[in-house]
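Below: one structure, written as structure tokens.
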Amino acid sequence: MSENHFEETKQRLKGSIAPVITPFTEDDSLDLETLRELVNWHIDSGSHGISVTGTTGEPSSLTLEEREQVMATAISAVAGRVPFVPGTGSTNHQETLHLTKAAQEMGADAAMVIVPYYNKPSQHALFKHFKAVAEAVDIPLIVYNIPGRTGVNLEARTLARLNEDCPNIIGVKESNKDFEHVNRVLLNCGRDFLLFSGIELLCYPMLAIGGKGYISATANVLPGKVAEVYNAWEAGNVEEAMQLHYELMPLNDVLFRDTNPAPVKAALGMMGKIKPRLRLPMDVPSKSIQEEIRTVLNSYGLLNQVGSES
31 MSENHFEETK QRLKGSIAPV ITPFTEDDSL DLETLRELVN WHIDSGSHGI
81 SVTGTTGEPS SLTLEEREQV MATAISAVAG RVPFVPGTGS TNHQETLHLT
131 KAAQEMGADA AMVIVPYYNK PSQHALFKHF KAVAEAVDIP LIVYNIPGRT
181 GVNLEARTLA RLNEDCPNII GVKESNKDFE HVNRVLLNCG RDFLLFSGIE
231 LLCYPMLAIG GKGYISATAN VLPGKVAEVY NAWEAGNVEE AMQLHYELMP
281 LNDVLFRDTN PAPVKAALGM MGKIKPRLRL PMDVPSKSIQ EEIRTVLNSY
331 GLLNQVGSES
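For our numbering, add 30 to where a residue sits in the sequence shown, where the first one is 1.
So, in structure tokens, the structure goes:
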């Protein structure tokens, strides 16, 4: 991939990149037709990009073959209308290589590679892992740092080394509540490094320090409104962006009353978008949490609509 193409990709990767859930049928098989419908709904609602098989897509509940099926279905539905950035990381190095190469072969605009979970690698080992993935493909990579899930934080200085050594590592999704760390990422990696928020309450604040957008689970439920936060900010309407940030906060809160994506899938089920199925060991939230979700969705008018977002 040429340097010019990398720069073009960096310019396109911005705003609300929706991390679409993986829908299942009642027998827990992949529901690929519903996935296509969700992708079209996101794009029609204003999402600036599409991602699948990240945390919200339950990748650890999918086989390698199923992950490739989900990626192939999604990129076909996207059809080049917005950037496509699938999650290709795994706790297993060889699986990560396999899936990232598959994403490249499918024509993905970039791949999002998570810090390996459960293993808790050292910073030195993380550097070797990501460098090996970067050298194995000719596709832009976004590193995905989510210490609450992985048990280890990818330190800013490690990310800076990767940015210096690997030209195709162009950004990071930071699901890190340590806002000091996030500031140091841009300080160490440079202001042109793509910073995306993976923490809902930091989507707006990260724009203020130079972030390029966010990959927010809440976009699954209210894609248009989540995208509008970025649109307002980009247009210079800071007060409007801030107002939308606070307007979304009750929804953000209730969608994380249980482990993601359980509340999101429950909400989409109530909205008639999917069958609210998760594969064990994940499951839908308790009845009490579901009632909280229903109450909040009602307050946004999301249970009175048919077909599309109000």
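Each residue gets a CB set at the ideal place from its N, CA and C atoms; glycine is no exception.
In chain order, each alpha helix (DSSP H) run of at least 4 residues that lies wholly inside the stretch 79-154
94-108 and 123-136
Around the Cβ of H78, are there at least 16 other Cβ atoms within 10 angstroms (buried) or fewer (exposed)?
In the sequence shown, counting from the first residue as 1, residue 78 sits at position 48. Buried: at least 16 other Cβ atoms inside 10 Å.
Report buried or exposed for G84, applying the criterion of at least 16 other Cβ atoms within 10 angstroms of its Cβ.
Taking the first residue of the sequence shown as 1, we reach residue 84 at position 54. Burial call: buried.
Cβ neighbour criterion (16 or more within 10 Å) applied to A162
Looking up residue 162 in the sequence shown gives position 132. Flag for A162 reads exposed.
Whole angstroms is fine: what's the gap from R191's alpha carbon to Y148's?
Numbered from 1 along the sequence shown, position 161 holds the residue referred to as residue 191. Numbered from 1 along the sequence shown, position 118 holds the residue referred to as residue 148. Answer to the nearest angstrom: the Cα atoms are 23 Å apart.
Please name the residue in K40, G119, S81 and H72 whose C-alpha comes closest to that of S90.
Here residue 90 refers to the residue found at position 60 of the sequence shown. When only C-alpha atoms are compared, the closest one is G119.
Residues in the same chain with beta-carbon distance under 8 Å from I323, minus the five sequence neighbours each way, listed in chain order, please.
Taking the sequence shown and counting its residues from 1, the one referred to as residue 323 is at position 293. Hits under 8 Å: V284, L285, R287, P293, A296, A297, M300 and P315.
Under three-state DSSP, which class holds A332?
Along the sequence shown, read from residue 1 onward, the residue named residue 332 stands at position 302. The sequence as given places Leu at residue 332; Ala does not occur at that position. Coil, per DSSP.
The alpha helix (DSSP H) spanning K295 covers which residue range?
The residue given as residue 295 occupies position 265 in the sequence shown. A292 to M300 is the span of the alpha helix (DSSP H), which, as asked, contains K295.
Given V336, which residues of its chain have a CB within under 7 Å of its CB, disregarding the five upstream and five downstream residues?
For the purposes of this step, residue 336 is taken as the residue at position 306 of the sequence shown. Annotation note: pLDDT 44 at V336 (below 50); position unreliable, no value reported.
Measuring alpha carbon to alpha carbon, tell me which residue in V202, F209 and K207 is nearest C219.
Here the question's residue 219 lines up with position 189 in the sequence shown. Comparing Cα positions, the closest option is V202.
Report back the beta-carbon spacing between G240 and R221 to the nearest angstrom; my notes put them in contact at under 8 Å.
Here the question's residue 240 lines up with position 210 in the sequence shown. Here the question's residue 221 lines up with position 191 in the sequence shown. Confirmed, Cβ separation roughly 5 Å.
Considering only their Cβ atoms, is the gap separating P311 from G346 smaller than 8 Å?
Nothing can be reported for residue 346: it is not among the residues displayed for the chain, which extend from 31 to 340.
Counting C-beta neighbours from all protein chains within 10 Å, is the total for K303 16 or more, i.e. buried, or is it exposed?
By 1-based counting over the sequence shown, the position of residue 303 is 273. Burial call: buried.
What residue range does the beta strand (DSSP E) around I47 cover?
Here residue 47 is taken as the residue at index 17 of the sequence shown, counted from 1. Its beta strand (DSSP E) spans residues G45 to P49.
Check for me: the alpha helix (DSSP H) holding F209 runs from which residue to which?
On the sequence shown, residue 209 is found 179 positions in, with the first residue counted as 1. Note, F209: alpha helix (DSSP H), F209 to C219.
From K207 to S246, what does the alpha carbon distance come to, in whole angstroms?
What you label residue 207 is simply residue 177 of the sequence shown in a count that begins at 1. What you label residue 246 is simply residue 216 of the sequence shown in a count that begins at 1. Answer to the nearest angstrom: the Cα atoms are 14 Å apart.
Restricting to runs no shorter than 4 residues, where is the alpha helix (DSSP H) found entirely within the stretch 219-298?
233-238, 253-264 and 268-284
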